[in-house]
Every structure is written in structure tokens, then in C-alpha cells.
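**Student:** With our numbering applied, the sequence shown covers 7 to 401. C-beta atoms are modelled at their ideal positions from N, C-alpha and C, and glycine is treated no differently. Remember, it's a predicted structure, so these values are computed and weren't measured experimentally.
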Amino acid sequence: MSAWGEEVLVQDSLAMSSQLAVLARSLGIQKPDSCGSTELTWQEWITHQQRRRTLLVAYCLFNLQSIIFNIPPQIPTREVALCLPSCESEWKTSSQTAWKRHRATSAQYERSFPETLSQLLCGQDVTQDGLLGPFSNYILIHGLVQKIYFERQAADYVPHQTFPMRPQSLENIETALKCWQCSWEATWESTLDPYSPKGPLGFNATALLRLAYIRLNCHSGLCHDLLSGDPIRIKSLVSDSQLDCLNRSPSLDRAVLQCIHALSIPVRVGIPYLARTQTLHWSVQHSICHLECAFLLMRWMQTIAKAVEVGGMASLRGDERKLVTMARYLIQETDLQYLMEGQAGDSLNMGFLTASTARLWADISSGIHVFNIVHRIGASLSAIADALEHQLLVS
7 MSAWGEEVLV QDSLAMSSQL AVLARSLGIQ KPDSCGSTEL TWQEWITHQQ
57 RRRTLLVAYC LFNLQSIIFN IPPQIPTREV ALCLPSCESE WKTSSQTAWK
107 RHRATSAQYE RSFPETLSQL LCGQDVTQDG LLGPFSNYIL IHGLVQKIYF
157 ERQAADYVPH QTFPMRPQSL ENIETALKCW QCSWEATWES TLDPYSPKGP
207 LGFNATALLR LAYIRLNCHS GLCHDLLSGD PIRIKSLVSD SQLDCLNRSP
257 SLDRAVLQCI HALSIPVRVG IPYLARTQTL HWSVQHSICH LECAFLLMRW
307 MQTIAKAVEV GGMASLRGDE RKLVTMARYL IQETDLQYLM EGQAGDSLNM
357 GFLTASTARL WADISSGIHV FNIVHRIGAS LSAIADALEH QLLVS
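1. Assign CYS224 to one of three DSSP states: helix, strand, or coil.
2. Alpha carbon to alpha carbon, how far is HIS166 from ARG172?
3. Please report the Cβ distance between CYS89 and SER40, rounded to the nearest whole angstrom; I am assuming they are in contact, meaning their Cβ atoms lie under 8 Å.
4. Whose CA, out of GLU326, ILE374, GLN338 and VAL151, lies closest to the CA of PRO256?
5. When you compare only the Cα positions, how much space is there between SER112 and LYS106?
6. Is the number of C-beta pairs between the stretch 298–317 and the stretch 259–268 that are closer than 8 Å three or more?
7. Leaving out five residues before and five after GLU96 in sequence, what residues of the same chain have Cβ atoms less than 8 Å from its Cβ?
8. Applying the 10 Å Cβ sphere with the 16-neighbour rule, what's the burial state of LEU329?
9. Of the choices LYS98, THR103, THR83 and PHE209, whose alpha-carbon is the least far from that of GLN124?
10. Starting from ALA391, trace the alpha helix (DSSP H) both ways and give me its first and last residue.
11. Relative to the alpha-carbon of LEU215, which residue among SER196, VAL14 and PRO203 has its alpha-carbon at the smallest distance?
12. In whole angstroms, what separates the C-alpha of SER142 from that of TRP190?
13. So, is ALA64 buried or exposed, given that buried needs 16 or more other C-beta atoms within 10 angstroms?
14. By alpha-carbon positions, which one of GLN36, LEU366, ILE73 and GLN25 ends up nearest to ASP231?
15. Could you tell me the alpha carbon to alpha carbon distance between ALA417 and LEU398, rounded to whole angstroms?
16. Once the 5 residues before and after TRP194 are set aside, which same chain residues still bring their CB inside 8 Å of it?
17. Taking all protein chains shown into account, do 16 or more other C-beta atoms lie within 10 angstroms of the C-beta of ILE383, making it buried, or fewer, making it exposed?
18. Can you tell me where the alpha helix (DSSP H) holding LYS37 begins and where it ends?
19. Mark PRO237 as exposed unless 16 or more other C-beta atoms lie within 10 angstroms of its C-beta, in which case mark it buried.
20. Is it buried or exposed, GLY129, if we count other Cβ atoms within 10 angstroms and call 16 or more buried?
Here it is as C-alpha cells:
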């Protein structure tokens, strides 16, 4: 947890994570652990599940560090041979009798993590053989995010590459994300309510889904760059000279739609209320998601504003115009709606829309949180909003 704390602790935390990786390997994270054909007592089954869940949590922790600090994960997916954890209802049984009753009536069986992930990447429906639990879905979306990381790393070495990823890889991963979303929607714990009594795993997984769509279309190291706190670096990231990093496409439209959906939840809940209470219900991955959503939405709006300046709103595709309208409606539901009133010209209107959404993201992350990294995210978002508002004043 020190990785999310003060900056001086981050290097030590990342160094310690290598020791955790060695320990996870020594405990057999790379070995299959199916016990479906073995008769276990309740206590033996609990011990087996505890070991499996602990190792899978370590895998997820390494992925989060990779997402935030733009470093290779300590344990790649190809080394994880474990089965997915049991469903929550079986895990939460309070007695041996209840556990035996559950196993006698349920048709669930153990599913290998690498095999299930491969099914997703092949575009197969993983719910045909039974629904997956929220923890299993959470682990699988981590696997897909890591897949994107390595695909992006490989694409960076292709000369004259104009797209962020090879088209076939992009299509395959988008299909996998759609299949994963179908699995997530099929579970009882799937929710977009941060205060849902169904537990946080379903809600936390949505943040990783949005990150996956963003990183399919945008440079994966931007999160670390934005967290640097360097005002000159942040100012350069919001400058017009960086606009060529985005390729307007249906794939980018889907990523932008995820960003707008992410912003709609705080707007619906109430941004001032959320800023004061997010430490109780919002995890670190949501804060990282907010940072990258804010940046992609800002870059996309700047790209759209340039297109509108040259050819007017008619130069946009139908889906792009719908996304602009959705973002404008969101702003109208907040205290920043006055910024959009009386603005003449579509291009100038897009500029105010860009600055307004950036300010909303900054307000969301301005509250109290237990982790220092969230405060750094809030400071970075405020710096982005300040830079955009300054651009409007001098233009």
C-alpha cells in the first residue's frame, strides 16, 4: 500500500514488490491448482481458496503498479496458471453444512484463469458454462489490461506506425472487452453505484474496463507523466502540438464514450458530496481512471475543436456529434453550465466545453482521501484545468 503513499516511499515499495513476486512464484502461482476432482473437507477447501485468492491478489497488485507507474508487471499473465476463485456465495458460507449444500446444488466447476482469458480473446461467451463471480471478472479484466500493455509496447517498435496498435490486435481486444462486459453484466454484483451494498468488486472492475478502452487508443505512459507534478510537462501535454497523438475513429469514439460515462456517475451522485466522501467508496483504480479519462476527453475535444474550426460541425461524423452533445448535457447538469451560455461560434464553444469538463474532473479529485497519490492526481487535474482556462483567456 505504500506505493499509493508519499512519493519518497514509492521507490521502496516498487523494490519490495520484486520480493513479493519471488514469493508468489515460490508458492506456485505458475502451477495449476485445480481441485475439482479431489474430495476436500470444508477446512481444506478454505485453505486452498485462501492460497489461490492471495496469489491472485498479488497478480492484481502488480498490474495496478504497472498501470500507475508505467512499468512492466512483476508477474506476466503467462506465468499465472491458477484457477479462478469460487463464487462469492460459496466463499461466504458460514458452516460446513451450508457449504456442502451449496456444492450439491450448484453446477459450478473450477475454471482455469489462462483458459478463460483465452476464451475472451477468441471472442467466446464465457458465461455459457456458468456465470463468473465478481472477483473472477475483476481478475480477468486485469488480464486484458495487461494484454493491452504488452501489445502497445510491441506496437511502439513498428516503424511508421500511424495507429496505436495493430488493427487485428485492436479488433480482437475490443471483442474480448465486449465479451467481458457481457460476463460482468450477467452477475448479481454488477453495479455502477459506488454506494451499492453489493460490494466494491463489480464497481471497481468498471474503472479497469474504462482504462482498457483508453489505453487501446492513447499512449499508456501518460498517467505517469501527469503524476510527475511538473507544470512545464503538464502544460506541454495540453498544448495543441500534441494533437496528432489521437486518430479519430470508431474505436476512439468508444473510448470517449467510456470517459463520458465515467464522468456521468459523479455528476449524478453530486460532485461536492462525492469529493467529501470518496475515500469511503472509491478505490485507487477509480482515481487513476479519472485522470486518464480526463486527459483523453480533453485531447479528443481539442482535436474535435480543431476540426470544427476548419470545417464546422458538419465535418464531424454522426457519432462524434452525439458524443459532443452528451458532454454538453453533462455540463448543463452542473454548476459550470454558465460557462457554456452565450458562447458564439462552435469552435469557441468547444474550447469552453473542454475547460469545463477538465474543471469537473479536478473538482471530483479535490476532496479528502487516505492515499497521497489521489491528492497528486487532484493536483495534476487542477493544473490541467488551469492551463486550459488560461488558454481561453489569452485566445
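**Tutor:** The structure says:
1. One-based indexing of the sequence shown puts residue 224 at position 218. Looking at CYS224 - three-state DSSP - the assignment turns out to be coil, as it is neither helix nor strand.
2. The residue you call residue 166 lines up with position 160 of the sequence shown. The residue you call residue 172 lines up with position 166 of the sequence shown. Because the pLDDT at HIS166 is just 49, under 50, the model does not fix this residue reliably, and the point stays unresolved.
3. In the sequence shown, counting from the first residue as 1, residue 89 sits at position 83. In the sequence shown, counting from the first residue as 1, residue 40 sits at position 34. About 5 Å separates the two Cβ atoms, so the contact holds.
4. The sequence position of residue 256 within the sequence shown is 250, counting from 1. Of GLU326, ILE374, GLN338 and VAL151, the smallest CA-CA separation from PRO256 is found for GLU326.
5. The residue labelled residue 112 in the question sits at position 106 within the sequence shown. The residue labelled residue 106 in the question sits at position 100 within the sequence shown. Spanning the two alpha carbons is a distance of roughly 10 Å.
6. Using a C-beta cut-off of 8 Å, the stretch 298–317 makes contact with the stretch 259–268, since at least three inter-stretch Cβ pairs fall below that distance.
7. By one-based count along the sequence shown, residue 96 stands at place 90. Only TRP105, HIS108, ARG109, SER112 and GLN114 meet the Cβ criterion.
8. For the purposes of this step, residue 329 is taken as residue 323 along the sequence shown, with counting starting at 1. LEU329 should be labelled buried.
9. Within the sequence shown, the letter at position 118 stands for residue 124. In the sequence as displayed, the identity of residue 124 is Ser instead of Gln. The shortest Cα separation from SER124 among LYS98, THR103, THR83 and PHE209 belongs to THR83.
10. The residue labelled residue 391 in the question sits at position 385 within the sequence shown. Counting along the chain, the alpha helix (DSSP H) containing ALA391 begins and ends at 378–400.
11. Against the sequence shown, residue 215 aligns to sequence position 209. Closest option to LEU215, Cα to Cα, is SER196.
12. Locating residue 142 in the sequence shown gives position 136, where the first residue counts as 1. Locating residue 190 in the sequence shown gives position 184, where the first residue counts as 1. Roughly 10 Å separates the two Cα atoms.
13. Taking the first residue of the sequence shown as position 1, residue 64 is located at position 58. So ALA64 counts as buried.
14. As a first step, residue 231 is located in the sequence shown; it is residue number 225 there, counting from the start. It is ILE73 whose Cα lies nearest to the Cα of ASP231.
15. The requested residue 417 does not occur in the structure, where the chain is confined to residues 7 to 401.
16. Numbered from 1 along the sequence shown, position 188 holds the residue referred to as residue 194. Result list for TRP194: LYS204, in chain order.
17. Here residue 383 refers to the residue found at position 377 of the sequence shown. Label assigned to ILE383: buried.
18. Reading the sequence shown from its first residue, position 31 is the one you call residue 37. Counting along the chain, LYS37 falls outside any alpha helix (DSSP H), and DSSP gives it neither H nor E.
19. Translated into the one-based positions of the sequence shown, residue 237 becomes position 231. Under this definition PRO237 is an exposed residue.
20. Mapped onto the sequence shown, residue 129 falls at position 123. By the neighbour-count rule (16 or more Cβ atoms within 10 Å), GLY129 is not buried but exposed.
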